[in-house]
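Peer 1: I'd like to ask you about the structure that follows.
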Amino acid sequence: MLASPLNRRREEFPTLASGIHLLSHSLGPMPRLTRESMLEYCEAWEQHTNEDAWANAWWELSRRVGDRIAQLVGGPPGSIQIQPNASIALASVASCFEFSTAQRNKVVTSALDFPSMEYIWEGQRVLGARIEIVGSPDGITVPLDKILDAIDETTALVAMSHVSFRSSYRINARAIVERAHEVGALVLLDIYQSAGAMQLDAQAWGVDFLIGGTIKWLCGGPACGYLYVRPDLQKSLRPRLTGWVAHDAPFEFAAAPMRYAKSIRRFAQGTPSIPALYSALPGLRIISEVGIETIAAESQRRTQMMIDFALERDWRVNTPQAVNDRGGSVMIGVGDGPAMVERLAEQKVFVDCRPGVGLRISPHFFNTDEEVIEAMTILEELL
Ligand SMILES: Cc1ncc(COP(=O)(O)O)c(C=O)c1O
1 MLASPLNRRR EEFPTLASGI HLLSHSLGPM PRLTRESMLE YCEAWEQHTN
51 EDAWANAWWE LSRRVGDRIA QLVGGPPGSI QIQPNASIAL ASVASCFEFS
101 TAQRNKVVTS ALDFPSMEYI WEGQRVLGAR IEIVGSPDGI TVPLDKILDA
151 IDETTALVAM SHVSFRSSYR INARAIVERA HEVGALVLLD IYQSAGAMQL
201 DAQAWGVDFL IGGTIKWLCG GPACGYLYVR PDLQKSLRPR LTGWVAHDAP
251 FEFAAAPMRY AKSIRRFAQG TPSIPALYSA LPGLRIISEV GIETIAAESQ
301 RRTQMMIDFA LERDWRVNTP QAVNDRGGSV MIGVGDGPAM VERLAEQKVF
351 VDCRPGVGLR ISPHFFNTDE EVIEAMTILE ELL
């Protein structure tokens with residue numbers, strides 16, 4: 001069935017006129033209203049004569065954008081602090097731990113995480129952290145029992161991708177949080193590849209931290225990362241990666257020692273990227289209006305459609321086939337990934353590739369079924 005009653009709001013994404021955009025795992029298309037939003041930012045900046053831009057709008061903007069994202073990931077208002085990017089959000093969490101003095105000094109990660117994860121934890125080894133990377137025997141999944149086995153009484157934190165950027169493998173968040181909390185460990189999930197593509201329930205999972213950013217499935221601009229911290233955990237943490245905006249009374253410009261804000265703002269650092277906040281608002285609004293439930297259902301249906309198409313032709317699918325084990329992308333093994341990306345782009349099909357898994361193809365709510373099938377058919381011709 002090709003017809004669907006869903007309003008895909010395609011006219012709100014001028015980029016879609018240039019071809020079949022299947023890159024929401026990387027950089028989503030810019031919403032038309034983002035241009036206006038950025039102009040609003042320019043006007044506010046151009047017209048300001050003192051610090052009124054901060055007082056009138058900018059100071060509260062981080063909080064506003066954070067609350068919008070919180071709504072989309074199942075967090076309450078006041079649970080998300082905007083960050084420069086997901087890597088800094090992770091480094092902020094890392095800076096809350098004191099590995100050298102604690103019995104709990106293990107951090108459990110996975111082999112399918114985004115490289116920042118490994119780089120940042122690697123840097124914590126000199127501070128006493130022990131890093132255990134749970135392997136991926138097939139390069140596509142990380143066995144749940146191996147993750148659960150790695151979590152013990154010495155574990156301070158389990159930190160891994162909710163959905164892998166490499167294979168679109170989705171871990172079982174509930175089971176991991178349950179096991180970690182049983183032994184007194186905390187859990188951080190990198191939801192960059194799942195927020196905006198599927199239903200997330202931060203509160204019901206009881207997860208302690210979430211990190212991500214807006215440029216992919218959330219249709220926002222770059223440099224708008226975010227950090228969720230479980231509300232009842234917030235006040236017990238004192239991130240050493242900090243700055244004046246995280247102070248309880250930032251405009252007192254007080255001398256040290258640091259007095260952390262009693263809100264999620266304690267996880268801020270310095271001046272926020274105001275343009276990034278303006279760039280994120282229109283996309284977040286669209287995602288809310290279309291609705292995560294609708295988007296998730298479409299994503300499951302179309303990724304299944306693509307997997308079926310590929311398997312019928314004996315292609316190598318490097319994404320889990322079970323619907324609850326996968327995210328919004330389908331990875332298809334091809335001989336020379338970069339060359340195939342180029343050939344597809346020549347035919348106006350926009351995808352990318354990653355080493356070991358091949359093409360990464362991601363339909364979002366704005367893609368039509370016809371586009372998805374056309375992209376797969378063009379790929380078939382090229383193969
Ligand atoms: C799962 C995941 N985490 C983190 C990142 C990087 O985020 P940032 O550049 O905001 O640090 C990406 C970017 O592709 C990603 O896919």
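Here the numbering used here is used: the first residue of the sequence shown is 1, the next is one more, and so on. Cβ atoms here follow ideal geometry from the backbone N, Cα and C, with glycine treated the same way. Being a predicted model, the structure only gives us computed values, none of them experimental.
1) Near valine 26, which residues of its chain fall below 6 angstroms by C-beta distance, leaving aside the five closest residues on each side in sequence?
2) For a test of your reading of the model: does the CB of phenylalanine 165 fall under 6 angstroms from any non-hydrogen atom of ligand 1? Yes or no.
3) Tell me, which residues are paired with serine 362 by DSSP?
4) Hey, quick one: how far does the beta strand (DSSP E) through aspartate 352 stretch, first residue to last?
5) Quick check: what's the CA-CA separation for asparagine 56 versus glutamate 374?
6) Looking at the unbroken beta strand (DSSP E) that takes in tyrosine 228, where does it start and where does it end?
7) From proline 320 to serine 194, what does the alpha carbon distance come to, in whole angstroms?
8) Could you spell out the range, first to last residue, of the beta strand (DSSP E) harbouring lysine 235?
9) Please say whether isoleucine 69 and tyrosine 226 have beta carbons closer to each other than 7 angstroms?
10) Hey, does aspartate 113 have any beta-carbon neighbour from chain D nearer than 7 angstroms?
11) Report the three-state DSSP secondary structure of tyrosine 192 (helix, strand or coil).
12) Can you list the beta strand (DSSP E) stretches of 3 or more residues lying completely in the segment 151-182, in chain order?
13) Under 6 angstroms: does the beta carbon of tyrosine 192 sit that close to some heavy atom of ligand 1?
14) Relative to the alpha-carbon of serine 18, which residue among Leu383, Glu371 and Met376 has its alpha-carbon at the smallest distance?
15) So, at 7 angstroms on beta carbons, what are the nonlocal neighbours of histidine 181 in its own chain, with the 5 sequence-adjacent residues on each side left out?
16) With 16 other CB atoms within 10 Å as the buried threshold, where does proline 363 fall?
17) Give a yes or no on contact between the segment 161-180 and the segment 320-330, applying the rule of three or more CB pairs nearer than 8 angstroms.
18) Can you give me the C-alpha to C-alpha distance between leucine 2 and methionine 306, rounded to a whole angstrom?
19) Check the DSSP bridge columns for phenylalanine 209 and list the partner residues they point to.
20) Going by DSSP, what residues sit across from histidine 247 in a beta bridge?
21) Measure from the alpha carbon of alanine 44 to the alpha carbon of each residue in Phe13, Leu61 and Met30, then state which is nearest.
22) Let me confirm a value: glycine 358 is counted as buried when at least 16 other C-beta atoms fall within 10 Å, else exposed. Which label applies?
23) Quick one: using the 10 Å Cβ neighbour count with 16 as the cut-off for buried, is leucine 383 buried or exposed?
24) Identify which residue in Gln300, Gly333 and Ala268 has its Cα closest to the Cα of leucine 90.
Peer 2: This is what the structure gives:
1) It should be noted that the sequence gives serine, not valine, for residue 26. Around serine 26: Asp352.
2) Checking the Cβ of phenylalanine 165 against ligand 1 gives yes.
3) According to DSSP, serine 362 bridges with Leu23.
4) That run of the beta strand (DSSP E) goes 352-354.
5) Looking at the two C-alpha atoms, the distance is approximately 48 angstroms.
6) Unbroken beta strand (DSSP E) run through tyrosine 228: 225-229.
7) Those two C-alpha atoms are separated by around 15 angstroms.
8) Taken as a continuous stretch (DSSP letters only), lysine 235 belongs to no beta strand (DSSP E), as it is neither H nor E.
9) Their beta carbons are under 7 angstroms apart, which means tyrosine 226 touches isoleucine 69 by this criterion.
10) Absent from the structure is chain D; it holds one protein chain and no more.
11) For tyrosine 192, the secondary structure class from DSSP, reduced to helix, strand or coil, is coil.
12) Complete beta strand (DSSP E) runs here, min 3: 155-161.
13) Yes, since a heavy atom of ligand 1 falls inside the 6 angstroms radius drawn around the Cβ of tyrosine 192.
14) Checked all of Leu383, Glu371 and Met376; the closest Cα to serine 18 is Glu371.
15) Apart from sequence neighbours up to five positions away, the residues of its chain that approach histidine 181 with a beta-carbon distance below 7 angstroms are Gly206, ordered along the chain.
16) Within a 10 Å sphere around the beta-carbon of proline 363 sit 16 or more other beta-carbons, which makes this residue buried.
17) By the C-beta criterion, the segment 161-180 is judged to be in contact with the segment 320-330, since at least 3 inter-stretch pairs fall below 8 angstroms.
18) Since pLDDT at leucine 2 reaches only 48, below the 50 mark, its modelled position is unreliable, and no value is offered.
19) For phenylalanine 209, which the question treats as bridged, DSSP gives the partners Leu188 and Val229.
20) As DSSP reads the structure, histidine 247 sits in a beta bridge with Tyr260.
21) Checking every option, the nearest Cα to that of alanine 44 belongs to Leu61.
22) Taking every protein chain shown into account, the CB of glycine 358 has 16 or more other CB atoms within 10 angstroms, so this residue is buried.
23) Leucine 383 is classed as exposed because its beta carbon has fewer than 16 other beta carbons within 10 Å across all chains shown.
24) The shortest C-alpha separation from leucine 90 is found at Ala268.
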